[in-house]
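Numbering of the sequence shown is given in our numbering, commencing with residue 1447 and proceeding in unit increments. Where a beta carbon is used, it is the ideal one built from N, C-alpha and C, also for glycine.
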Amino acid sequence: MDRISDLPDPIVHHIMSFLTTLDITKISILSKRFFFLWSSFPVIDFDQSTFARTSQGTLAFVTDAFLNHIHNSTRLRRIDTVLSKFRVKANLNGISVDRRFDSAISFALENGVKIMDLNLGFAKYQLPVSFASESINVLSLNGLKFDLCDLILACPSLGTLSLTSCEFLRDVNFSSLTLTDIKLRWCVVKFIKIKALNLHYFFFDADKHHPTRCQINLLQCENIRHLWLHNLVNGHDWIEEHANSLGELETFILNGCQDIKQIRVCNEKLERVNLFNCPALVSVEVIAPSLKYFCYRGTDRNRVCNISFTASSRIRYLSIEDAGITDQWMEAQLAKFRCLEGLRLVACNSLKKVKIVHENLQELELYNCLRLTEAEINTPQLLCFEYRGGIIELCTMVTRSLCTATLFMKPWVTYNNESFYGLRKLLSFFGHCQSLKVSCSWQKFAYNEMIGEEEDKNPFCCRSKPIKCWRHNLTRVDIKSSDDVCPNNGVELQKYFRANTMICNGNGVRRDYVDPLPYWPVNMVVGPYRVEDRPIRASTPSIYE
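Following this line, the structure appears as structure tokens:
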């Protein structure tokens, strides 16, 4: 106790910053020194959920006691320096005005608060008309009702404004020289016009459950760099006008806009475009020479969305999800995007025989493209490959030796040798990778002994080949699962590998074996690994060299 009391005030205040307001209040009664430090602590933080843990009664009773706690605590405060932060998180539903809460807000404003965060849920609490501050730089309001135009005029130093579930008393039409960031989420508003030359970030998210048409005019915010629009109902004309007129725009993100059928984005400095969940969208044209990142996520896997790029040869990351792109479209884009480093294709069901040939590609993801049956992958710089879906035929698989590959295989229709031959052939293309992880989920596995003069029975089948087949390269199999629906699957699968893997099965090669356990699905590691680098784990059935 004495050691803490002897510390300088700034150090003790720093220690207090890691405690809750309730804990700080408790320790303030231990000594006059702690009370002095508590009363001058420049951070005030009230959280009703924390306060409710020590209170009993109905929600109305707890809320009333919490408001008394706020009022009494601020009365005892003595702030000698500027108040850095004032935060209140509470549930004031049904309360529109309360003098105790108003007095606490006034206290924060009088002490030159820099950051104010009032989160009142969906209360629609009436912000005091006298609310004014020349010191507030960051203002975050949730669940309040006020006149936004008057608020901007009353806070001339405001730089960051975040409003959630707020109701404005009239249309929004204001100008500001200090605002740099504006975020409006689920606010009741029909008209917004802003003039802010220093505004760099604008985020607008309408209520997706009750979308309303909101007229937004940001054309006088010439220096906007990041524009995020969610659930907007405005039409493509507005999108084109703003995306093309804002000359400093770098990021343009559109999500959940229901009535937009076509988009044409033409901007010299635009670097990122994200188009998500726009169900009516059928045409996208991007003319952006500085574009580096493009992401598209549709809502209907069978809808054909025409996506075209002009003068966008600098794209580094391309993600297409739920779009009707074709094999020819994909091949044409790869020929143009010479700087491409990451490619992600998800649920693109029009792809059948995709050809991915690229000199600089480093990351590739193919997820749930249901009609995909064949792929040619020639990517000498590839470091990460992920695939999710059924067994496909690989014509070529060229990657770096440091590449890590992950295959998430969907359940097979039939569980027999023929199915497993397809998986075996697929795995043979990854023998040169640094690591390979195969994740499967099967309900049943059965196999028969191979008969006839099959090539795999010949121990010299791949001796002259640069990439060995799985039977002459497999050194370890791990079977793991918490599912015991089919307890014999792990045993049967292990028997299959022991019977058909040449390296692990004879010629005097050392083999350490752990009794099989009913684990499932399968994680298989295939590659030329040394036994010394892979210690035996007693809980996992394994086969080693």
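Rounded to a whole number of angstroms, what is the C-alpha to C-alpha distance between residue i and residue j?
i     : j     : result
L1807 : P1826 : 8 Å
P1488 : N1537 : 24 Å
S1552 : I1709 : 48 Å
L1599 : S1608 : 16 Å
A1689 : E1696 : 10 Å
G1877 : L1828 : 15 Å
R1718 : R1760 : 11 Å
G1605 : I1662 : 20 Å
C1595 : D1491 : 27 Å
I1802 : S1796 : 15 Å
G1744 : M1855 : 24 Å
S1622 : L1597 : 11 Å
N1583 : I1561 : 6 Å
C1785 : K1715 : 17 Å
S1874 : S1865 : 15 Å
A1778 : L1853 : 26 Å
H1804 : N1824 : 6 Å
C1815 : D1548 : 57 Å
G1770 : M1776 : 11 Å
H1655 : T1509 : 29 Å
V1534 : A1550 : 10 Å
L1587 : T1504 : 26 Å
Beta-carbon within less than 7 Å of residue i's beta-carbon, same chain only, minus the 5 sequence neighbours each way: which residues are those?
i     : result
G1558 : V1528, L1529 and S1581
L1645 : L1625, T1626, I1628, C1667, N1669 and I1670
D1544 : L1513
H1515 : F1497
G1868 : I1837
Taking 6 Å as the limit between beta carbons, can you name the residues of its chain near residue i, skipping five residues before and five after?
i     : result
R1790 : S1765 and E1811
Y1813 : V1792 and R1834
A1851 : F1831, F1876, C1879 and L1882
W1674 : F1649 and I1699
C1741 : N1720 and S1765
L1555 : S1579
Whose C-alpha, out of the options, is nearest the C-alpha of residue i?
i     : options                       : result
T1496 : A1506, F1512 and G1503        : F1512
A1569 : C1724, F1698, C1612 and M1562 : C1612
F1532 : N1539, S1621 and L1564        : L1564
V1732 : N1723, A1757, P1725 and T1745 : A1757
L1585 : C1601, S1576, S1621 and T1772 : C1601
K1871 : F1637, E1820, P1735 and L1630 : E1820
S1754 : R1784, R1762, V1508 and C1712 : C1712
G1589 : R1784, E1809 and Q1572        : Q1572
Q1494 : G1567, I1837, L1522 and H1655 : G1567
L1737 : Y1763, R1817 and F1577        : Y1763
L1664 : Y1867, P1574 and W1684        : W1684
P1574 : Q1502, N1539 and L1615        : L1615
K1639 : E1787, F1620 and K1782        : F1620
Helix, strand or coil for residue i per DSSP?
i     : result
I1699 : strand
C1849 : coil
T1986 : Caution is warranted here: a pLDDT of 30 is assigned to T1986, below 50, making its placement in the model unreliable, and the coordinate value is therefore given only provisionally. It is coil, neither helix nor strand.
T1520 : helix
F2055 : Since the first residue shown for the chain is 1447 and the last is 1991, residue 2055 is missing from the structure and cannot be characterised.
D1705 : coil
T1496 : helix
E1668 : coil
S1774 : Checking the sequence, you will find Gln at residue 1774 rather than Ser. In the structure shown, Q1774 sits in a helix (DSSP, three-state: H, G or I).
L1828 : coil
V1559 : coil
D1617 : coil
D1683 : helix
Q1572 : strand
R2015 : The structure shown does not extend to residue 2015, since the chain spans only 1447 to 1991, so no value can be given for it.
K1798 : coil
Q1880 : coil
Q1779 : helix
R1545 : helix
E1978 : Bear in mind that a pLDDT of 29 at E1978, under 50, signals an unreliable position, so the model cannot answer this.
H1804 : coil
S1885 : strand
V1728 : coil
Please look up how many angstroms separate the CB atoms of residue i and residue j, rounded, as I've assumed it's under 8 Å.
i     : j     : result
T1845 : F1831 : 7 Å
N1723 : G1702 : 5 Å
D1705 : A1726 : 6 Å
D1768 : K1798 : About 17 Å separates the two Cβ atoms, so there is no contact after all.
F1637 : D1617 : 4 Å
Excluding the 5 residues flanking residue i on each side, which residues of the same chain have their C-beta closer than 8 Å to its C-beta?
i     : result
A1652 : W1632, T1658, C1660, H1676, N1677, L1678 and V1679
V1576 : Per the sequence shown, residue 1576 should be read as Ser rather than Val. Hits under 8 Å: S1552.
E1687 : L1665
Would you say residue i reaches chain C, if we count a Cβ-Cβ gap shorter than 8 Å as a contact?
i     : result
A1726 : No chain C appears in the structure shown, which is made up of a single protein chain.
Should residue i be listed as close to the ligand COA, given that the test is whether its C-beta is under 7 Å from any heavy atom?
i     : result
L1585 : This structure lacks the ligand COA, and indeed carries no ligand of any kind.
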